[in-house]
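Chemist:
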Amino acid sequence: LPAPALADPLDPTDTGVDTDGDDTPGSGRRWRPRRVMITRSAAELPHGQEILRRCAAAGVANIDLLTSDRLPSLGGDNPRAAYALAKSTLAVVVAPPSKRALQPIPPSADWRFDLAVGCPAHCQYCYLAGSLTGPPVIRAYANLPEILAGLDPAVGQGAVTSRSTDRRHEGTTFEASCYTDPLGIEDVTGSLSATIAHFGRHDWAGPVQLRATTKFAAVEPLLTLDHGGRTRIRMSVNAADVAGRFDGGTSPVPARLAALGRLARAGYPVGLTVAPIMPVEGWQEQYGELFDAAQRILGGVPGLDLTAELITHRFTARSKEILLDWYPRTRLEMDEDLRRQKRGKFGAVKYVYPTPIMNEMKAWFPSALAERLPAARFLYWT
Ligand code: SF4
8 LPAPALADPL DPTDTGVDTD GDDTPGSGRR WRPRRVMITR SAAELPHGQE
58 ILRRCAAAGV ANIDLLTSDR LPSLGGDNPR AAYALAKSTL AVVVAPPSKR
108 ALQPIPPSAD WRFDLAVGCP AHCQYCYLAG SLTGPPVIRA YANLPEILAG
158 LDPAVGQGAV TSRSTDRRHE GTTFEASCYT DPLGIEDVTG SLSATIAHFG
208 RHDWAGPVQL RATTKFAAVE PLLTLDHGGR TRIRMSVNAA DVAGRFDGGT
258 SPVPARLAAL GRLARAGYPV GLTVAPIMPV EGWQEQYGEL FDAAQRILGG
308 VPGLDLTAEL ITHRFTARSK EILLDWYPRT RLEMDEDLRR QKRGKFGAVK
358 YVYPTPIMNE MKAWFPSALA ERLPAARFLY WT
């Protein structure tokens, strides 16, 4: 196979993958894999066939029908080359039972489930670094009906919504964007639309909410779905300096906000995921401008149901190592000496901002947001 051109991780416009390059509000960036591989079992399933149909319709010429369920090695003789090959490849596979087991995922939601693993964007702080094993090939799951059927037993269970009086009315919450950006790959998978439609029409044993976060603006396919108010889409947004410097291959923040406005007007519960928050120079002004822009777009939406999640930047030794392999020239600050260590539940060490700056930001963000968007329900700061 010819090797794709390597993405320049320091140039957000050079994604190393094919997109339509059109970021005007109303269209949004669309990802086209350079290569699609589908396993034998995945090709036998209706949703696997649907993904193939979508890829062909999107103009993907390089589609491999594998004769087994093993994915071949993608090659790449250094981490950066392996990264570029993986990020431009879509593998369509069947999620085994171990990958379909629901996981608690506080504070975002009661349960995590996956429609896919991997993401076509190139954020230099990527949350997936350190969570994925091997090159970050994008794996979309073909056994979608089986994945969705696996959610039923969890309805009525879950620590987040049962403990939080503010969120109890949401019912059991299911997060679909822990390991992928589901809208980023929607054009070639259709999995998010199918899941939203399932949540809208399924006869659930109690109230439920599907949750998904994205940095992409191509929301048009979602606007006409019968979502039944059971899906909350959140846009991941950031200050201009952070998004401009570190987000690659995503839709620009103004296009994301405009897309969130279109979703809200289509009756979706929506949200702002401000992440990863960084105390860049002039951070109050920069994040203030972000909230002003959100206010201009969302402020007048009738019946607006808006939440806000505020997540500061953190890294681990493992994620730092992987990110430096992927983006060797990054200017992202990952200096352990400038951070405070925070131990997770299982003893894993995360590097977060020192307490004084965390306290300053923790005091500023919720009130700056409430000033501009009093309708926003603040869910958590982390
Ligand atoms: Fe990683 Fe999210 Fe950026 Fe995708 S959009 S590269 S998952 S941080």
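The opening residue of the sequence shown carries number 8 in full-length UniProt numbering; numbering runs sequentially from there. Every residue gets a Cβ at the ideal spot worked out from N, C-alpha and C, and that includes glycine.
1) Measuring straight from C-alpha to C-alpha, what distance separates Val162 and Leu122?
2) If we call anything under 7 Å between Cβ atoms a contact, is Phe385 one with Ala315?
3) For Ser75, which of helix, strand or coil comes out of DSSP?
4) Quick one: Cα of Ala65 to Cα of Trp38, how far?
5) Would the beta-carbon of Lys327 be found less than 6 Å away from any heavy atom of the ligand SF4?
6) Could you spell out the range, first to last residue, of the beta strand (DSSP E) harbouring Ser243?
7) In chain order, which beta strand (DSSP E) runs of at least 3 residues are fully inside the region 263 to 289?
8) Please state the DSSP three-state secondary structure of Phe181.
9) How is Leu313 classed by DSSP in three states: helix, strand or coil?
10) Using the C-alpha atoms, what's the distance from His176 back to Thr323?
11) Going by the C-beta, is Cys130 closer than 6 Å to any heavy atom of the ligand SF4?
12) Please determine, among Leu267, Ser374, Arg347 and Gly351, the residue with the shortest C-alpha to C-alpha distance to Pro363.
13) Are there any heavy atoms of the ligand SF4 lying less than 6 Å away from the beta-carbon of Asp194, as far as the coordinates show?
14) Under the criterion of a Cβ to heavy atom distance below 6 Å, does Leu135 qualify as lining the ligand SF4?
15) If you follow the beta strand (DSSP E) that Lys349 is part of, which residue opens it and which one closes it?
16) What three-state label does DSSP hand Gln164 in the structure shown?
17) Using CA atoms only, rank isn't needed, just tell me which of Gly351, Gly191, Val195 and Met242 is closest to Leu59.
18) Where does Pro259 land, buried or exposed, given buried means 16+ other C-beta within 10 angstroms?
19) Is DSSP giving Pro127 helix, strand or coil here?
20) Using a 10 Å radius around the Cβ and a threshold of 16 neighbouring Cβ atoms, would you call Gly236 buried or exposed?
21) Please state whether the Cβ-Cβ distance between Leu339 and Gln131 is less than 7 Å.
22) Hey, is Asp188 close to the ligand SF4, as in C-beta under 6 Å from one of its heavy atoms?
23) At the level of alpha carbons, what is the spacing between Pro111 and Arg119?
24) From Arg42 to Thr337, what distance separates their C-alpha atoms?
25) According to the neighbour-count rule (16 or more other Cβ atoms, all chains shown, within 10 Å of its Cβ), is Thr46 buried or exposed?
26) Taking the continuous alpha helix (DSSP H) assigned at Lys369, which residues delimit it?
27) Check Leu59 in the structure and name its three-state DSSP category.
28) Whole angstroms are fine: how far does the CA of Val226 sit from the CA of Gly33?
29) For Asp29, count neighbouring Cβ atoms within 10 angstroms of its own Cβ and tell me buried if that reaches 16, exposed if not.
Modeler: Quick look at the numbers:
1) Whole-angstrom Cα-Cα distance: 18 Å.
2) yes
3) When secondary structure is reduced to three states using DSSP, Ser75 falls in the coil class, being assigned neither helix nor strand.
4) 9 Å
5) no
6) Thr238 to Val244
7) 277 to 284
8) Under the three-state reduction of DSSP, Phe181 is assigned to strand.
9) strand
10) Rounded to the nearest whole angstrom, the CA to CA distance from Thr323 to His176 is 35 Å.
11) yes
12) Arg347
13) no
14) True, at least one ligand heavy atom lies under 6 Å from that Cβ.
15) That run of the beta strand (DSSP E) goes Arg347 to Arg350.
16) coil
17) Residue Val195 is the option with its Cα nearest to Leu59.
18) buried
19) coil
20) exposed
21) yes
22) Flag set: Cβ of Asp188 near the ligand SF4.
23) 6 Å
24) When only Cα atoms are considered, Arg42 and Thr337 end up about 27 Å apart.
25) Buried.
26) First-last of the alpha helix (DSSP H) with Lys369: Thr362 to Arg379.
27) In this structure, Leu59 counts as helix in the three-state DSSP scheme.
28) For Gly33, the predicted structure reports a pLDDT of 42, less than 50, and the residue's modelled location is therefore unreliable. A value from the coordinates is still provided. Answer to the nearest angstrom: the Cα atoms are 8 Å apart.
29) Legend: pLDDT at Asp29 = 40, less than 50; position of this residue unreliable, no value from coordinates given.
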